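Position one of the sequence shown corresponds to residue 4 (this note's numbering), numbered consecutively onward.
Glycine is no exception: its CB is placed at the ideal position from the N, C-alpha and C atoms.
Note that the structure is predicted; figures quoted are calculated from it, not measured.
Shown next, in structure tokens, is the structure this report addresses.
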Amino acid sequence: MREVQVSGRERQGADAFHRLLYDGEILCFRSMPEMVEIVEQTREHLQAQFHPHDPRQIHLHLEHDVLVDRCAAARREYMRSPIIVRAWQSLFGALGMKPADYGLDRLVIRFHIPESARGDQPAPPGTAMVPFHRDTWGSNLYAQINWWAPVYELAPDRTFAMYPHLWSTPLPNSSADFDIDRTITKRRQGQASRKDMVPQLTDLSLATDPHPVLIAPGEVIAFSSQHAHGGLPNTTDQTRISLETRSICIAHENSGFGAPNVDGQAPQRAPRLFKRMSDGVSLTALLTE
Ligand SMILES: [Fe+2]
């Protein structure tokens, strides 16, 4: 993983760092006051949502069904919060990403409660481990970039993992049968399971040598959505709380500039997941066929 200190010069270099990302680099942006601000605002949001409990300890205080509902509410309120939206826009602005040039997915808080606290209970999306995948298996958009940041401290057994050695390796997967419209409909009805959300690796023995991501709150990593990644079991006594979203440079996607597709077979693209940052217009209307 390459560490990036953002200076004035790099703030103008969105094209330059996107080129690195499309080549498979995993970039960690450090020392950005805009990211520190996002973390502070997120912690305030969580403290308000789960008062009087420490957000990292909610699994100790709330019954599982209540916990799932409260996490879902906290996630909904987060992505709608004007303060939060502005904070993320400031981060992308500081990185030189002009709002009229980029689409953005939802702003997501992910809770990963300890496996020991969940037991045999169901694991709705947003509260449990996400299996190994490439985002591009579902989106079919190769200029797509993932952004991921912790809200509280990570640990080797409380984080997610990247598999950079699999960047160029075709992997058997279920993307050919993936229906993004069906997935979005199920998600809106609250009926989507983790397996519905993204195509799956069909030979789990290939998910070897995970590289746990251990960055500090206030830091953020960016990587091509073609990179294989997934959650690791949370065997600690704290709930992991992290942030994620996805961006896409509209001009790059329209010109075919992006990461290579080594194994994605989804029958359609998923521009409807993204809205242009400047005005909220769906990328469905902005991407060429
Ligand atoms: Fe993902």
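Query raised in the report: Hey, is D3 close to ligand 1, as in C-beta under 7 Å from one of its heavy atoms?
Result: Missing from the structure shown is residue 3; the chain here goes from 4 to 292 and no further.
Report task. With DSSP as the reference, label N149 as helix, strand or coil. Result -> strand
Report task. Kindly indicate which three-state DSSP category S119 falls into: helix, strand or coil? Result -> helix
Query raised in the report: So which of H255, I244 and G261 has the shortest CA-CA distance to A219?
Result: A check of alpha carbon separations from A219 across H255, I244 and G261 identifies I244 as the nearest.
Query - W91 beta carbon less than 8 Å from that of I41 - result: yes
Report task. Could you please give the first and the last residue of the uninterrupted alpha helix (DSSP H) stretch that includes R183? Result -> Note that residue 183 is Ile in the sequence shown, not Arg. Where I183 is concerned, the enclosing alpha helix (DSSP H) stretches over I183 to R191.
Query - Reduced DSSP secondary structure (H/G/I, E/B, other) of M200 - result: It is helical.
Query raised in the report: With 8 Å set as the bound, which would you pick, yes or no: does the beta-carbon of R109 sit closer than that to a beta-carbon of chain B?
Result: Here there is only one protein chain, and chain B is not present.
Query raised in the report: Which first and last residues belong to the beta strand (DSSP E) in which F260 is found?
Result: Element bounds for F260: n/a, residue is neither H nor E.
Query raised in the report: Which same chain residues, not among the five before or five after A120, have their C-beta less than 7 Å away from its C-beta?
Result: Contacts found: H62.
**Report entry** Host alpha helix (DSSP H) of M38 (start-end)
**Finding:** Residues P36 to F53.
Query raised in the report: To the nearest angstrom, how far is it from the Cα of I183 to the Cα of Q203?
Result: 14 Å
Requested in this report: Could you have a look at T248 and say whether DSSP puts it in helix, strand or coil?
Outcome: strand
Query raised in the report: V133: beta carbon under 7 Å from a heavy atom of ligand 1?
Result: V133 Cβ: within cutoff of ligand 1.
Query - Validate contact between the segment 278 to 292 and the segment 100 to 109 using beta carbons, cut 8 Å, 3 pairs - result: Because the criterion of three Cβ pairs below 8 Å is met, the segment 278 to 292 and the segment 100 to 109 touch.
Query raised in the report: Three-state secondary structure (DSSP) at G96?
Result: helix
Query - Distance between S285 and P159 (C-alpha atoms, nearest Å) - result: 38 Å
Report task. Taking I224 as part of the beta strand (DSSP E), name the residues at either end of that continuous run. Result -> Residues V223 to S227.
Query - Own chain residues within Cβ distance below 6 Å of M200, not counting five before or after - result: P128
Requested in this report: Return the bridge partner residues of H214 from the DSSP annotation.
Outcome: Note: H214 sits in a beta bridge opposite M165.
Requested in this report: Would you decide whether G11 is buried or exposed? Buried here means 16 or more other CB atoms lie within 10 Å of its CB.
Outcome: Low confidence applies to G11: its pLDDT is 49, below 50, so where it sits in the model is not reliable enough to give any reading.
Query - Contacting residues, own chain, Cβ-Cβ under 7 Å from R14 (five flanking each side not counted) - result: Any reading at R14 must be qualified, since the residue scores a pLDDT of 48, below 50, and its modelled position is unreliable; the value itself is stated next. Contacts found: A97, L98 and G99.
Report task. May I ask which residues mark the beginning and end of the alpha helix (DSSP H) holding L107? Result -> Counting along the chain, L107 falls outside any alpha helix (DSSP H), though it belongs to the beta strand (DSSP E) covering Y105 to L107.
Query raised in the report: Is the beta carbon of A262 less than 8 Å from the beta carbon of Y25?
Result: It is a contact, given that the beta carbons lie within the stated cut-off.
Query - Contact set for S228: own chain, Cβ-Cβ below 6 Å, skip 5 residues either direction - result: Within the same chain, S228 has close Cβ partners D138, T139, Q147 and N149.
Query raised in the report: Looking at C-beta atoms only, is the number of pairs between the segment 262 to 271 and the segment 170 to 178 that lie closer than 8 Å three or more?
Result: yes
Requested in this report: Could you pull out every residue in the same chain whose Cβ sits closer than 7 Å to the Cβ of R46, ignoring the five residues on either side in sequence?
Outcome: V154, listed in sequence order.
Query - Cβ-based neighbour list, S93, same chain, cut-off 6 Å, excluding 5 preceding and 5 following - result: E37
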